[in-house]
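Data first, discussion second: the structure below is written as structure tokens.
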Amino acid sequence: MYVAWRDLRFARGRFALIGAVVALITLLVGFLSGLTGGLAAQNVSAVLALPGDRLVLQPTADAAATFAESAIDDSTVAAWRAAPGVESVTAVGISQARAEGPGGSAGVALFGLDSPAFGVSAAGVDEVGLSSAAATALGAGVGDTVTLAGAAFRVSSIGADLSYSHTPVLALTPGAWRALDERLGGTGAATVLAVTGTPAWDEVAAETGTTASAPLSSLTALPTFRSEIGSLALMIAMLFGVSALVVGAFFTVWSMQRAGDVAVLKALGASTPALVRDALGQALVVLVLGVGVGIGLTALLGALAGGALPFVLNPLTTLAPAAIMIALGLAGAAVSLRTVTSSDPLTALGSTR
Amino acid sequence: MILLDDVTLTYPDGDARVTAVDRVTLEGRSGVLTGITGPSGSGKSSLLALAATLVRPDSGRVMIAGTDATRLSRSQATTLRRESIGIVFQQPQLLPALTAREQLRVMAELGGSGRRERRALVRGRVDELLDAVGLAAVADRRPAQLSGGQRQRVAIARALVHEPSVLLVDEPTSALDTARGAEIMGLLARLTHERQTATLLVTHDLVHREALDETVEVVDGRAALVTTRTR
Numbered sequence: 112m113y114v115a116w117r118d119l120r121f122a123r124g125r126f127a128l129i130g131a132v133v134a135l136i137t138l139l140v141g142f143l144s145g146l147t148g149g150l151a152a153q154n155v156s157a158v159l160a161l162p163g164d165r166l167v168l169q170p171t172a173d174a175a176a177t178f179a180e181s182a183i184d185d186s187t188v189a190a191w192r193a194a195p196g197v198e199s200v201t202a203v204g205i206s207q208a209r210a211e212g213p214g215g216s217a218g219v220a221l222f223g224l225d226s227p228a229f230g231v232s233a234a235g236v237d238e239v240g241l242s243s244a245a246a247t248a249l250g251a252g253v254g255d256t257v258t259l260a261g262a263a264f265r266v267s268s269i270g271a272d273l274s275y276s277h278t279p280v281l282a283l284t285p286g287a288w289r290a291l292d293e294r295l296g297g298t299g300a301a302t303v304l305a306v307t308g309t310p311a312w313d314e315v316a317a318e319t320g321t322t323a324s325a326p327l328s329s330l331t332a333l334p335t336f337r338s339e340i341g342s343l344a345l346m347i348a349m350l351f352g353v354s355a356l357v358v359g360a361f362f363t364v365w366s367m368q369r370a371g372d373v374a375v376l377k378a379l380g381a382s383t384p385a386l387v388r389d390a391l392g393q394a395l396v397v398l399v400l401g402v403g404v405g406i407g408l409t410a411l412l413g414a415l416a417g418g419a420l421p422f423v424l425n426p427l428t429t430l431a432p433a434a435i436m437i438a439l440g441l442a443g444a445a446v447s448l449r450t451v452t453s454s455d456p457l458t459a460l461g462s463t464r
Numbered sequence: 010m011i012l013l014d015d016v017t018l019t020y021p022d023g024d025a026r027v028t029a030v031d032r033v034t035l036e037g038r039s040g041v042l043t044g045i046t047g048p049s050g051s052g053k054s055s056l057l058a059l060a061a062t063l064v065r066p067d068s069g070r071v072m073i074a075g076t077d078a079t080r081l082s083r084s085q086a087t088t089l090r091r092e093s094i095g096i097v098f099q100q101p102q103l104l105p106a107l108t109a110r111e112q113l114r115v116m117a118e119l120g121g122s123g124r125r126e127r128r129a130l131v132r133g134r135v136d137e138l139l140d141a142v143g144l145a146a147v148a149d150r151r152p153a154q155l156s157g158g159q160r161q162r163v164a165i166a167r168a169l170v171h172e173p174s175v176l177l178v179d180e181p182t183s184a185l186d187t188a189r190g191a192e193i194m195g196l197l198a199r200l201t202h203e204r205q206t207a208t209l210l211v212t213h214d215l216v217h218r219e220a221l222d223e224t225v226e227v228v229d230g231r232a233a234l235v236t237t238r239t240r
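If you read the protein sequences in the order shown, they are chains A and B.
Heads up, the first sequence is in my numbering, so the first residue is 112 and it goes up one at a time.
Heads up, the second sequence is in my numbering, so the first residue is 10 and it goes up one at a time.
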């Protein structure tokens, strides 16, 4: 790194420029990752909070299972409860409605289930539990009254920040949810079963005509999630590609410019591994600084925008993209190593630079 | 010392091969500045490339510090250059980002084994060598801030800082005026004698012939000892 450090100091303008480009790409990637995380949380955090090893859905006759269309009748619920290896089955009803609270009205996701482990729960038939986002949207606190389809419910608790399909969660007891769903035109059948235990998942699913998948895998049963996150993930992937390309192009041009220096160093006795270490070390310094600045800016802007945008700031949306950026940038820079390894020290003799 | 023993070097030229060096035997002894002269295209630079282990001869041996360089792998030859050979190029070939002092220190940072020992050796000799070539006052300047003669002096100091037994010099005065050329030749002669290096110096410029201890003339790839001077 002896020559690399001095090159960095000597050509600081050029390296600052590429560092700034890396920082800007990192900012874009970080911001998109945070936004993706935020949108994903708004879409599926309630699904991921369901207390089951697998989530069971009922496909329709002509389509794959989706949360929107799944309706599980009581006999299917009973079949799952009776299956060997099953420890618990929580039947969950999911629907969406408009709620009115003391501070305003908002669209909410109604979750009918009996499980304190969910994070939001109702204590009694005439009561609801609000997610923190629902409480904010409705301007409601514990003891306040919330109206759903003309029926009044007392807020018994305010729980975790859970959302489903971009609407905040409001929890009811299974009985209250069924009555409300029927009043809203539904069948009152459970939407999904959260099952724990170690049954023969595929066999039971086949016998009952349902699907049983891990909570993460089941997210594909939310069509909006698939298209929304898919689009954002594609953008992030393309930015990763652009980043590797930009860094690779810069270091390739840089290596070509200093091919004469490399030939001289080889003629003087520099080992190729030392020159490779020098080149990759230089790229690593630029990448770490650029990515560091980019992630810092992402964190700053994310913290500022957190209230206005669905933005999640955590290691998965900052450190993971940063690590990928650095790894891909190094891969791009590695392309330039060909100039270093193929440089002929003989060219240093008699060359005029 | 360095010995090129009956070496032949040919280059491809279309379907044929051109003989650049034809069965040359040449010895460079410790403390002796040997000039290799001859017209353009006579094979002087090819001889230097052979001596620098940058090319391998078709036949013959190149003995450097007791090692037959023709039997070494590429990485072993690199190690031999790093440890036993100093090279002064036709142009100074200094690294633009490094100060004069750093141009010398870089010789300790070329990788390979024995880095710690080499670092200690080189770092202890940098200032002494810069002083020896008269550049102590400009040690912190980069190449762009030095004159042509000063750059060539830095290159000479760089070639000697790791205490090589062999010093190879390629047309060191080609870019300098007569007065500065004479200075550089005098400096090379002094350092060769003081540091007991076996120095081979390629030149077509016979103006500075008086600085050489021996002169070997190369014509059409063949070499002949022309003059030897006793000091």
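Even for Gly, the Cβ is constructed at its ideal location relative to N, Cα and C.
All of these numbers come straight from a predicted model, not from anything done at the bench.
Worksheet entry | Beta-carbon contacts of R150 of chain B that lie in its chain and below 7 Å, excluding the five residues immediately before and after | T108 and A109
Worksheet item: According to DSSP, which residues form a beta bridge with L168 of chain A?
Response: A:T322
Practice prompt. Let me know the alpha helix (DSSP H) ranges lying completely inside the segment 77-104 of chain B, each 4 residues or longer, listed in chain order.
Written response: 83-93
Discussion item. Given this structure, state the Cα-to-Cα distance separating Y113 of chain A from E118 of chain B, to the nearest angstrom.
Written reply: 6 Å
Worksheet item: Which two residues bound the contiguous beta strand (DSSP E) that contains I45 of chain B?
Response: V41 to T46
Worksheet entry | Sequence-distant residues of its chain with Cβ nearer than 8 Å to A174 of chain A (five each side left out) | E180
Discussion item. Buried or exposed, going by whether 16 or more other CB atoms sit within 10 Å of the CB of M116 of chain B?
Written reply: buried
Worksheet item: Hey, out of B:D14, B:A188, B:S68 and B:I96, whose CA is closest to G157 of chain B's CA?
Response: B:A188
Worksheet entry | Cα-Cα separation, Q154 of chain B to Q368 of chain A | 21 Å
Discussion item. Contact defined as beta carbons within less than 8 Å: I believe T46 of chain B pairs with G37 of chain B. What is the distance between those atoms, to the nearest angstrom?
Written reply: With a Cβ gap of about 15 Å, T46 of chain B and G37 of chain B do not count as contacting.
Item to complete: Using beta-carbon positions only, say whether L424 of chain A and G417 of chain A come within less than 8 Å of one another.
Response: yes
Practice prompt. Just the chain A side, please: which residues come within less than 8 Å of S84 of chain B by C-beta, in chain order?
Written response: S382 and T383
Item to complete: Could you pull out every unbroken beta strand (DSSP E) segment of at least 3 residues lying fully inside the segment 175-231 of chain A, listed in chain order?
Response: 197-212 and 215-223
Worksheet item: For chain B, is any of its Cβ atoms less than 8 Å away from the one on L460 of chain A?
Response: yes
Item to complete: For P213 of chain A, count neighbouring Cβ atoms within 10 angstroms of its own Cβ and tell me buried if that reaches 16, exposed if not.
Response: exposed
Worksheet item: Can you tell which of A:S226, A:A134, A:L411 and A:T177 has the C-alpha that lies nearest to the C-alpha of G163 of chain A?
Response: A:S226
Worksheet item: Tell me which same chain residues have a C-beta within less than 6 Å of the C-beta of A131 of chain A, skipping the five on either side of it?
Response: none
Item to complete: Would you please verify whether the beta carbon of F126 of chain A is less than 8 Å from any beta carbon of chain B?
Response: no
Discussion item. Quick test of your reading: T383 of chain A and T452 of chain A, contact by CB under 8 Å. State the CB separation rounded to the nearest angstrom.
Written reply: 6 Å
Worksheet item: Do you know how far the Cα of W116 of chain A is from the Cα of S183 of chain B?
Response: 32 Å
Fill in: Beta-ladder partner(s) of S268 of chain A, from DSSP
A:G240
Worksheet item: Considering only residues of the same chain and omitting the five flanking positions on each side of T171 of chain A, which have a CB-CB separation below 7 Å?
Response: E180
Worksheet item: Closest Cβ-Cβ distance between Y113 of chain A and chain B: below 8 Å?
Response: yes
Worksheet item: Is there contact here, the segment 313-332 of chain A with the segment 119-138 of chain A, by at least three beta-carbon pairs under 8 Å?
Response: no
Worksheet item: Could you give the uninterrupted runs of the beta strand (DSSP E) lying entirely in the segment 256-310 of chain A, keeping only those of 3 residues or more?
Response: 256-259, 262-270, 278-283 and 303-308
Worksheet item: Can a CB atom of chain B be found closer than 8 Å to the CB of A394 of chain A?
Response: no
Discussion item. When you compare the segment 66-76 of chain B with the segment 13-30 of chain B, are there three or more beta-carbon pairs, one atom per stretch, that lie closer than 8 Å?
Written reply: yes
Discussion item. Can you give me the C-alpha to C-alpha distance between L427 of chain A and A433 of chain A, rounded to a whole angstrom?
Written reply: 10 Å
Worksheet item: Mind checking if V397 of chain A is an interface residue toward chain B, Cβ cutoff 8 Å exclusive?
Response: no
Worksheet item: Shorter than 8 Å from the beta carbon of D118 of chain A to some beta carbon of chain B?
Response: yes
Practice prompt. My understanding is that T53 of chain A touches L343 of chain A, with C-beta atoms under 8 Å, so please give their C-beta distance in whole angstroms.
Written response: Given a span of 112 to 464 for chain A in the structure shown, any question on residue 53 of chain A remains unanswerable.
Worksheet item: Can you tell me where the beta strand (DSSP E) with E226 of chain B in it begins and where it stops?
Response: E223 to V228
Worksheet entry | Residues that V375 of chain A contacts on chain B, provided the C-beta gap is smaller than 8 Å | F98, Q102 and L104
Worksheet entry | Proximity of I350 of chain A and L139 of chain A at Cβ, strictly below 8 Å | It is worth fixing the name first, because residue 350 of chain A is Leu in this sequence and not Ile. Yes; because the gap between Cβ atoms is below 8 Å, this pair is in contact.
Fill in: Residues near L273 of chain A in its chain [Cβ-Cβ closer than 6 Å; skip 5 each side]
S156, A157, A160, G230, V231, S242 and V280
Discussion item. Please report the distance separating the alpha-carbon of D22 of chain B from that of L460 of chain A.
Written reply: 20 Å
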